[in-house]
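From first to last, the protein sequence lines stand for chains A and B.
In this text, residue positions in the first sequence follow my numbering: the first is 569, and each later residue adds one.
In this text, residue positions in the second sequence follow my numbering: the first is 569, and each later residue adds one.
Number of protein chains: 2
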Amino acid sequence: MDNSTATTVFESLSSGVRLDIVRLLIKTGHQGLVAGEIATTLGLPATNLSFHLKALTQATLVSVTQEGRFQRYRANLAIMQELIVYLTEECCSGHPEQCFEKPLAAADCCDTNPSLSSTQTD
Amino acid sequence: MDNSTATTVFESLSSGVRLDIVRLLIKTGHQGLVAGEIATTLGLPATNLSFHLKALTQATLVSVTQEGRFQRYRANLAIMQELIVYLTEECCSGHPEQCFEKPLAAADCCDTNPSLSSTQTD
DNA sequence: ACAATACTTCAACTATAATTGAAATATTAA
DNA sequence: TTAATATTTCAATTATAGTTGAAGTATTGT
Chain A
569 MDNSTATTVF ESLSSGVRLD IVRLLIKTGH QGLVAGEIAT TLGLPATNLS FHLKALTQAT
629 LVSVTQEGRF QRYRANLAIM QELIVYLTEE CCSGHPEQCF EKPLAAADCC DTNPSLSSTQ
689 TD
Chain B
569 MDNSTATTVF ESLSSGVRLD IVRLLIKTGH QGLVAGEIAT TLGLPATNLS FHLKALTQAT
629 LVSVTQEGRF QRYRANLAIM QELIVYLTEE CCSGHPEQCF EKPLAAADCC DTNPSLSSTQ
689 TD
């Protein structure tokens, strides 16, 4: 991931609304959600949601597929992983010795570790 | 890291200027840089830099200490690590089975692995 | 064909962020 | 103590982002 892509991704996630959308879509995984379901879940007017979904789609953080008159949105997990790699590289750049003094916990991510998910606020 | 903190951090890094500042300060590590050095390196007017440094400081992405009439800024690596953990948790939430299909590379970060740093664009 | 549904686009508006030069503050050097 | 240096704050301006209702497009159900 290059710096301008990273900026675009950060920009996308800098809106509370868009972060909520991405987190919601990550939770629904491959199934994703159609626009109306997102609107209902997050209590957003359709036009406002559409605005943010367009931004997220252009930033490739979500993908869309048409299903009849519905538009199904899915989170792009790959780019989240790339973002994690990017941040890890940046944190280490030139200073590996002070990088990750405490354990990263990334490796623990997929374990059944309730203490990780319980740190979330909503 | 809670969601509103994450939003604040993303907001901070969503500006190309601020991302440049943080990346520069990460490179200089514990030594950090005084404001004037940052301004010279990035070619920014002092007042504009000060604006962004204030935002970064309030978001706790950088810290300041006074040295006579200089202000020395340093990156807060700990919050970058927390951000990585936050993203990892979010990516995994509810879907550990599809989390990190490809290797994360986070663990390789501090190894002498030139292929990682060579992916950066500037 | 026609009405209903799902969603997007458009245009207008409001809100927030970024940039700038001038003035202010604080520290140091002469 | 006066001048120079380092940085911040302020006020004004410009630029960009977010929100909304109305209208438009496309698909489906009757």
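Think of the CB as a built atom: it goes at the ideal place given N, C-alpha and C, for glycine as much as any other residue.
Task: Coarse secondary structure for Leu629(A), derived from DSSP in three states - done: Position 61 of the first sequence, counted from the start, is the residue given in the question as residue 629(A). Of the three classes helix, strand and coil, the one that applies to Leu629(A) here is coil, per DSSP.
Task: Cβ distance (whole Å) where Leu581(A) is taken to contact Val590(A) below 8 Å - done: Taking the first residue of the first sequence as position 1, residue 581(A) is located at position 13. Taking the first residue of the first sequence as position 1, residue 590(A) is located at position 22. The pair is a contact, with the Cβ atoms about 7 Å apart (cut-off 8 Å).
- [ ] Measuring only between beta-carbons, confirm whether Ala673(A) sits less than 8 Å from chain B.
- [x] In the first sequence, the residue the question calls residue 673(A) occupies position 105. For Ala673(A), the pLDDT reaches just 41, beneath the cut-off of 50, and the residue's location in the model is therefore unreliable, leaving the point undetermined.
Task: According to DSSP, residues forming a beta bridge with Leu610(A) - done: As a working note, residue 610(A) is residue 42 in the first sequence. BP columns for Leu610(A) are empty, so no partner.
Open item on the list: Whole angstroms are fine: how far does the CA of Asp588(B) sit from the CA of Arg640(A)?
Closed with: Residue 640(A) sits at position 72 when you count from the first residue of the first sequence. Residue 588(B) sits at position 20 when you count from the first residue of the second sequence. Each residue's Cα considered, the two are about 36 Å apart.
Task: Arg640(A) - DSSP class collapsed to helix/strand/coil - done: The residue labelled residue 640(A) in the question sits at position 72 within the first sequence. Strand.
Open item on the list: Considering only their Cβ atoms, is the gap separating Leu617(B) from Ala607(B) smaller than 8 Å?
Closed with: Position 39 of the second sequence holds residue 607(B). Position 49 of the second sequence holds residue 617(B). Closer than 8 Å, so yes.
Task: CA nearest to the CA of Val630(B), picked from Thr656(B), Val653(B) and Gly597(B) - done: Your numbering for residue 630(B) matches position 62 in the second sequence. For Val630(B), the nearest C-alpha among the options comes from Gly597(B).
- [ ] Evaluate Glu658(B) with the Cβ neighbour count: other Cβ atoms within 10 Å of its Cβ, from every protein chain shown; 16 or more gives buried, anything less gives exposed.
- [x] To locate residue 658(B), count along the second sequence from 1; it is residue 90. Buried, since its Cβ has 16 or more Cβ neighbours within 10 Å.
TODO: For Thr625(B), go through chain A and note every residue whose CB falls closer than 9 Å to its CB, in chain order.
DONE: In the second sequence, counting from the first residue as 1, residue 625(B) sits at position 57. Simply none; closest approach about 17 Å.
Open item on the list: By the DSSP assignment, the alpha helix (DSSP H) with Ser572(A) in it spans what residues?
Closed with: Within the first sequence, the letter at position 4 stands for residue 572(A). From DSSP, the alpha helix (DSSP H) with Ser572(A) extends over Asn571 to Leu581.
TODO: Have a look at Ala646(A) and Arg637(B) and give me their C-alpha separation to the nearest angstrom.
DONE: The residue given as residue 646(A) occupies position 78 in the first sequence. The residue given as residue 637(B) occupies position 69 in the second sequence. Those two C-alpha atoms are separated by around 46 Å.
TODO: At 9 Å on the CB atoms, spell out the chain B contacts of Gly584(A), in chain order.
DONE: Taking the first sequence and counting its residues from 1, the one referred to as residue 584(A) is at position 16. The contacting residues are Asn571, Ser572 and Thr575.
Task: Gly584(B) - containing alpha helix (DSSP H), residue span - done: Locating residue 584(B) in the second sequence gives position 16, where the first residue counts as 1. Start and end: Gly584 to Thr596.
TODO: Quickly, what does DSSP pair Ser601(B) with across the bridge? List them, please.
DONE: Position 33 of the second sequence holds residue 601(B). Residue 601(B) is actually Leu in this sequence, not Ser. BP columns for Leu601(B) point to Tyr641(B).
Open item on the list: Determine, for Glu658(B), whether the minimum Cβ-Cβ distance to residues of chain A falls below 8 Å.
Closed with: Mapped onto the second sequence, residue 658(B) falls at position 90. Yes - at least one Cβ of chain A is within 8 Å of the one on Glu658(B).
TODO: Using a Cβ-Cβ cut-off of 8 Å, state whether Ile647(A) counts as contacting chain B.
DONE: If you number the first sequence from 1, residue 647(A) lands on position 79. Answer no: the Cβ-Cβ gap between Ile647(A) and chain B never drops below 8 Å.
TODO: Using a cut-off of 7 Å between C-beta atoms, extract the partners of Glu579(A) located in chain B.
DONE: On the first sequence, position 11 is the one that residue 579(A) refers to. Result: Ser582.
- [ ] Determine the DSSP secondary structure at Glu731(A), reduced to helix, strand or coil.
- [x] In the structure displayed, chain A extends from 569 to 690; residue 731(A) sits before or after that span and is not available.
Open item on the list: Counting only beta-carbon separations shorter than 8 Å, does Leu651(B) have a partner in chain A?
Closed with: Start at 1 with the first residue of the second sequence, and residue 651(B) comes out as number 83. Closer than 8 Å to some Cβ of chain A, the Cβ of Leu651(B) qualifies, so yes.
Task: Beta carbon of Ala643(A) nearer than 8 Å to that of Arg586(A) - done: Position 75 of the first sequence, counted from the first residue, corresponds to residue 643(A). Position 18 of the first sequence, counted from the first residue, corresponds to residue 586(A). Contact: no.
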